[in-house]
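Protein chains in written order, with the numbering used here: chain A, 1 to 469; chain B, 470 to 938.
Number of protein chains: 2
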Amino acid sequence: MSGEDAPAQQQNAVDQKQETKPTEEPKTEPPKTESPPAAAAEAAATPAATTEKVPEEETFTYRALVLTGYGGYDKVKLQVKKGKPTLKAGEVLVRVKACGLNFADLMARQGLYDRLPSPPVTPGMECSGVVEAVGEDVTDRKVGDKVMVLNRFGLWQEVAVVPANHTFLIPEGMSFEEAAALPVNYITAYMMLFDFGNLRPNQSVLVHAAAGGVGIAATQLCKTVKDVTVFGTASASKHETITQVGVTHAIDYRTKDYVEEVRKISPKGLDIILDPLGGSDTHKAYNLLKPMGKLITYGAANMLAGQKKNLLAVAKNWYHQFSIHTLSLIQGNKSVCGFHLGYLDGETELITEAMNTILDFYKEGKIKPRIDSTWHLEQVGDAMRKMQERNNIGKVILTTEPMPEEEKKEETKKEDKKEDKKKEDKKKDDKKKDDAKKEEKKDDKKKEEPKKEEKKEEEKKEEPKKEEK
Amino acid sequence: MSGEDAPAQQQNAVDQKQETKPTEEPKTEPPKTESPPAAAAEAAATPAATTEKVPEEETFTYRALVLTGYGGYDKVKLQVKKGKPTLKAGEVLVRVKACGLNFADLMARQGLYDRLPSPPVTPGMECSGVVEAVGEDVTDRKVGDKVMVLNRFGLWQEVAVVPANHTFLIPEGMSFEEAAALPVNYITAYMMLFDFGNLRPNQSVLVHAAAGGVGIAATQLCKTVKDVTVFGTASASKHETITQVGVTHAIDYRTKDYVEEVRKISPKGLDIILDPLGGSDTHKAYNLLKPMGKLITYGAANMLAGQKKNLLAVAKNWYHQFSIHTLSLIQGNKSVCGFHLGYLDGETELITEAMNTILDFYKEGKIKPRIDSTWHLEQVGDAMRKMQERNNIGKVILTTEPMPEEEKKEETKKEDKKEDKKKEDKKKDDKKKDDAKKEEKKDDKKKEEPKKEEKKEEEKKEEPKKEEK
């Protein structure tokens with residue numbers, strides 16, 4: 001795979017303040033390896049530090065996925081990095097076993113996620129693995145601990161250095177895949193439902209993309225509360241699975257108007273709506289809230305039009321984002337919340353508290369991450385595609401296990417076909433752009449006063465039976 | 470007092486659907502009293518019903534405050550109504566002892582509250598009293614029960630007919646004044662803090678107008694949760710009282726910038742902000758939220774510019790109301806909620822649940838309504854003025870106790886002075902209009918992107934010590 005020969009910096013786990021500083025290289029003599037001159041010079045320029053284990057420091061290599069520029073699936077490349085990363089106080093070095101894929105990673109690849117530093121950079125917000133070294137002042141983690149990790153970025157590689165308080169001990173019986181599938185989706189779902197949502201018994205919740213990572217986490221977490229009704233949208237082929245997970249009413253958003261479907265069953269509307277869609281769906285969600293209802297928007301999946309960044313589409317989407325007037329909130333007794341775990345990385349206490357509760361649920365058998373599929377690092381493009389095209393049910397996982405040689409050969413064959421695939425993608429993208437344009441036109445028409453929409457909803461509400469006929 | 474001789478309809482407690490129907494008159498022969506022809510014709514036109522207790526039905530009179538048109542304090546007049554109101558199934562007749570004043574009543578008087586039917590109408594959302602008669606199907610209330618009442622309107626009178634499920638039994642030891650002070654303020658504060666706010670131990674809350682009815686209720690309710698820090702704004706003369714009630718940090722909003730004061734103590738911002746002000750204060754509140762913070766706006770006190778309705782000011786205020794984009798919410802991990810009890814009147818279950826908890830707090834000695842002052846029905850204008858000019862600490866109450874003759878004479882003297890007072894008010898109104906215009910100009914300048922404001926806040930945050938010097 002191209003780029004394997006280029007050494008790259010370890011993208012250390014950093015907090016926001018460290019974002020602009022260059023990350024530290026292992027402090028050795030200038031490498032005697034095949035490093036290109038620029039990297040060697042940079043390494044030499046950094047202040048000297050621990051230099052005892054010279055041989056290991058030099059010979060230490062690990063594979064890392066690197067986002068080399070914004071764009072399509074091929075922008076994430078597998079590279080080999082050299083030199084063992086050093087540890088600062090409070091940090092641990094984790095030998096990564098499995099990594100989770102998230103929508104933020106897909107958006108980051110397209111340059112739509114400002115929490116990822118500029119390329120070249122290693123993406124990845126969550127992983128699982130084994131602690132291989134601990135820095136000074138780390139008292140609650142030791143070498144050999146199995147941990148899951150939550151970090152702003154930099155976890156899609158075999159070796160990751162992170163603050164110890166970004167790691168959580170993996171409970172007995174949880175696989176590395178499950179552990180890599182848990183942090184982002186479950187903390188996101190938990191904080192939305194239990195902090196903003198204040199979910200209580202007998203309430204009703206709408207979960208969009210109920211077969212996705214957050215969707216499944218949210219459904220399982222809803223079921224930890226007595227008599228909660230879960231409405232879940234997904235394409236029909238996924239209904240059996242999401243119903244097994246806990247969805248009370250599965251709705252095929254491709255063939256039915258989910259607003260109408262919800263009103264048939266719950267004419268007064270809903271207590272909580274989790275909205276990953278944005279745009280006009282946020283308007284619909286707002287109108288579908290009961291008094292004291294909470295709309296929690298947590299991303300803008302509708303923005304992910306094609307696999308490449310489309311600035312015009314993004315700009316239009318921003319423009320069409322839901323905006324709400326406080327007087328409407330007051331008269332409706334409604335709440336609108338926004339959530340993104342990626343912007344919460346300073347809130348260690350909140351996150352740890354949420355994680356502890358989630359792990360208790362796991363130990364009690366109340367939740368269990370569902371793995372859709374596991375991919376080798378070499379297959380990251382296909383893994384991203386599966387998620388971006390919404391073909392997954394549950395979590396898409398990367399494993400750092402070496403790929404068997406036979407599979408590698410298969411991959412090479414696939415590579416040959418990739419040119420064809422690219423052309424196909426191009427066509428799809430073009431189609432999506434057209435669709436997006438059509439959708440925007442529709443949205444323009446729809447952009448009327450929310451009150452009008454509410455009135456329509458009320459009319460619908462009064463005559464649901466007529467419509468059923 | 471003018472208007473005492475004009476009979477008026479009982480403004481029965483009604484739900485929204487009944488709003489446009491004429492309320493029922495006692496069904497008797499055409500009254501032989503001094504009723505003007507129009508009222509008599511109306512009474513005669515209604516269908517006949519129970520006519521046994523003819524004498525009582527006819528001779529039954531009671532005093533009622535009636536909003537005769539939108540405008541200043543003098544638009545609420547004391548009138549005498551005739552004829553005993555009839556009870557429908559599920560209703561009770563309450564002999565009213567005390568009534569609470571609320572901001573919604575003040576706004577209603579100015580025509581700014583759409584939950585009050587058009588004048589002539591009796592305002593009043595809460596009262597306390599004794600059940601004097603029960604309708605069919607009422608099983609949980611009996612004659613003699615002491616109750617507090619929450620209703621959309623119609624409670625500022627000696628006799629009120631309301632649905633039984635709008636009444637709550639007054640606990641042992643609670644006075645009628647306290648009972649009339651409790652429903653609106655405590656349910657409002659409770660639902661904001663514990664439903665939308667999801668208040669938990671160690672959190673921080675900003676309570677504006679901490680000496681007002683909702684302010685005192687909110688402060689007391691905050692103190693039912695462990696280690697909650699309450700920031701309360703009020704003019705300096707009220708600080709001693711609000712501190713006694715439970716405010717941790719009292720801030721004089723007239724002489725200090727409350728945002729700066731909060732940042733000095735809590736640089737990261739706040740978990741919950743209760744915002745009754747609207748306009749630019751909502752922007753400030755939004756920027757003052759911590760991640761996962763909740764802004765709960767519950768009225769628009771800034772709209773109450775003068776004692777009379779000022780359409781231009783209202784329109785401008787609407788325009789300047791806070792409006793928020795979901796992407797800003799997402800990146801900030803914030804929540805914006807709107808609350809108004811007046812729009813929740815269909816939610817009997819939610820309200821009853823809240824009330825039960827509040828009454829438990831009362832019985833445990835954790836909360837206690839604070840009465841600012843009690844006024845006779847004849848003094849309703851002065852009572853409203855005291856509240857509207859923010860001279861109260863706690864609740865302003867009306868009592869239906871007859872006014873002693875001596876005081877009445879005093880009132881008459883005051884009446885003579887009212888012409889002077891009116892002129893004075895006119896001056897004040899004009900001054901306020903000027904101030905409002907100035908404020909609007911300021912607001913126009915301030916109407917920049919919230920992000921800019923956030924940046925400023927961040928700058929402030931970084932150098933709080935410099936500013937302190």
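For glycine and all other residues, C-beta sits at the position ideal for the given N, C-alpha and C.
Residue i (DSSP reduced to helix, strand or coil)
{"i": "E936(B)", "result": "Residue placement at E936(B) is flagged as unreliable, the pLDDT there being 37, under the threshold of 50; a coordinate-derived value is accordingly withheld."}
{"i": "L867(B)", "result": "strand"}
{"i": "G279(A)", "result": "coil"}
{"i": "K223(A)", "result": "coil"}
{"i": "H708(B)", "result": "helix"}
{"i": "T795(B)", "result": "helix"}
{"i": "L619(B)", "result": "strand"}
{"i": "P183(A)", "result": "helix"}
{"i": "A633(B)", "result": "helix"}
{"i": "L819(B)", "result": "helix"}
{"i": "E909(B)", "result": "Below a pLDDT of 50, predicted positions are generally treated as unreliable, and E909(B), at 46, falls in that range; no measurement from the model is reported."}
{"i": "V600(B)", "result": "strand"}
{"i": "K445(A)", "result": "Summary for K445(A): the model assigns pLDDT 44, below 50, so the residue's position carries little reliability; its value from the coordinates is reported in the next sentence. The answer is helix: DSSP assigns K445(A) an H, G or I state."}
{"i": "V245(A)", "result": "helix"}
{"i": "A250(A)", "result": "strand"}
{"i": "M403(A)", "result": "coil"}
{"i": "N667(B)", "result": "coil"}
{"i": "M594(B)", "result": "coil"}
{"i": "G144(A)", "result": "coil"}
{"i": "K737(B)", "result": "coil"}
{"i": "L828(B)", "result": "helix"}
{"i": "I742(B)", "result": "strand"}
{"i": "K413(A)", "result": "helix"}
{"i": "P516(B)", "result": "A caution first: P516(B) carries a pLDDT of 44, below 50, which makes its placement in the model unreliable, though a value can still be read off. In this structure, P516(B) counts as coil in the three-state DSSP scheme."}
Host alpha helix (DSSP H) of residue i (start-end)
{"i": "T636(B)", "result": "No alpha helix (DSSP H) holds T636(B); the beta strand (DSSP E) holding it covers 636-638."}
{"i": "M856(B)", "result": "849-857"}
N-terminal and C-terminal residue of the beta strand (DSSP E) that residue i is part of
{"i": "F231(A)", "result": "229-233"}
{"i": "Y531(B)", "result": "530-536"}
{"i": "T724(B)", "result": "Neither: T724(B) is in no beta strand (DSSP E) and is coded neither H nor E."}
{"i": "S842(B)", "result": "840-845"}
{"i": "T766(B)", "result": "758-766"}
{"i": "S175(A)", "result": "Here S175(A) belongs to no beta strand (DSSP E), and DSSP marks it neither H nor E."}
{"i": "L206(A)", "result": "204-207"}
{"i": "G541(B)", "result": "Element bounds for G541(B): n/a, residue is neither H nor E."}
Pick from the options that is closest to residue i, judged by C-alpha positions
{"i": "V147(A)", "options": "V161(A), Y62(A), D137(A)", "result": "V161(A)"}
{"i": "L619(B)", "options": "S706(B), M872(B), L810(B)", "result": "L810(B)"}
{"i": "K803(B)", "options": "M660(B), N756(B), D829(B)", "result": "N756(B)"}
{"i": "M576(B)", "options": "G540(B), F529(B), E641(B), A658(B)", "result": "G540(B)"}
{"i": "N667(B)", "options": "G762(B), E818(B), T555(B), T843(B)", "result": "G762(B)"}
{"i": "N825(B)", "options": "T591(B), E601(B), H635(B)", "result": "H635(B)"}
{"i": "I216(A)", "options": "Q203(A), L398(A), T188(A)", "result": "T188(A)"}
{"i": "F168(A)", "options": "Q331(A), L344(A), E353(A), K256(A)", "result": "E353(A)"}
{"i": "L327(A)", "options": "E527(B), K692(B), D583(B)", "result": "D583(B)"}
{"i": "F153(A)", "options": "Y343(A), G365(A), Q388(A)", "result": "Y343(A)"}
{"i": "D614(B)", "options": "E729(B), G598(B), E605(B), V628(B)", "result": "G598(B)"}
{"i": "A679(B)", "options": "A754(B), V600(B), S704(B)", "result": "S704(B)"}
{"i": "D137(A)", "options": "E177(A), L87(A), V262(A), Q244(A)", "result": "L87(A)"}
{"i": "L624(B)", "options": "A754(B), I639(B), G801(B), A533(B)", "result": "A533(B)"}
Closer than 8 Å to chain D by CB, residue i
{"i": "I793(B)", "result": "No chain D is present in this structure, whose protein chains are A and B."}
Check: In chain order, which alpha helix (DSSP H) runs of at least 4 residues are fully inside the segment 546-588 of chain B?
Finding: 572-578
Notebook entry, point to check: Any residues in the segment 820-849 of chain B with a beta carbon nearer than 9 Å to a beta carbon of chain A? Which ones, in chain order?
Noted result: none
Notebook entry, point to check: the segment 798-813 of chain B: which residues have C-beta closer than 7 Å to a C-beta of chain A, in chain order?
Noted result: L798, I799, Q800, G801, N802, K803, S804, V805, C806, G807, F808, H809, Y812, L813
Checklist line | Residues in the segment 646-665 of chain B having any Cβ partner in chain A nearer than 9 Å | finding: M660, F663, D664, F665
Notebook entry, point to check: Any residues in the segment 273-287 of chain A with a beta carbon nearer than 8 Å to a beta carbon of chain B? Which ones, in chain order?
Noted result: G278, T282
Check: Between the segment 91-115 of chain A and chain B, which residues of the former have CB atoms less than 7 Å from a CB of the latter, in chain order?
Finding: none
Next item on the list: Would you list, in chain order, the members of the segment 147-172 of chain A that have their beta-carbon closer than 7 Å to a beta-carbon of chain B?
Entry: none
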